[in-house]
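Numbering (the numbering used here), first residue to last: 19 to 202.
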């Protein structure tokens, strides 16, 4: 796929909210929770984060650096999933690998917020956000043994495409990956 960065900035259409959740740009106040939640075993196993270990300082630098740059350039949206009423960090949702008509989506939910349909609700908000950006499709990938993510993707309307394939994840590990698409 050929990348075609979106213009203008991805910030223009943020936040996207409903009464329960908000997708918004990351704030410095999110750094401690983000760093702490990346230590969770499920986030480590299924989040496929590029770094092995995150500290609040590392996350803070990312928020002011690559995350802010990606939002401004239209090439990367690392967003906070926040509880609308409290603005508390409940997880992370990322849109990346943009083309002129689609983008890939990834997400993880903080341990304290699992079992509350947060991932599903965040995917619904992300689909709304993607539509405002003029995208026609979202792509998602997950490892074959992440049954929770497979379930949420299906519930959100994503359709599995093809058979599992061995791929290198952003964390640098090789895993059997399932691919999904959502037509917007």
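Even for Gly, the Cβ is constructed at its ideal location relative to N, Cα and C.
Can the beta-carbon of residue 120 be found closer than 8 Å to that of residue 149? Residue 149 sits away from residue 120, with the two beta carbons spaced by 8 Å or more.
Tell me whether the beta-carbon of residue 153 lies closer than 8 Å to the beta-carbon of residue 111. no
On the premise that residue 140 lies in contact with residue 2, defined as a C-beta separation below 8 Å, what is that separation, rounded to the nearest angstrom? Here the chain comprises residues numbered 19 to 202, so residue 2 is not present and cannot be evaluated.
Would you grab the beta carbon distance between residue 114 and residue 94 for me? Rounded to a whole angstrom, and I think it's under 8 Å. 5 Å
If you measure between the beta carbons of residue 35 and residue 98, is that distance less than 8 Å? No, Cβ-Cβ distance for residue 35 and residue 98 is not below 8 Å.
Spatial neighbours of residue 167 within its chain, please: C-beta separation below 6 Å, excluding the five flanking residues on both sides. 160
With DSSP as the reference, please indicate the residues paired to residue 201 in a beta bridge. 155
Quick one: give me the first and last residue of the beta strand (DSSP E) that residue 110 is part of. 107–114
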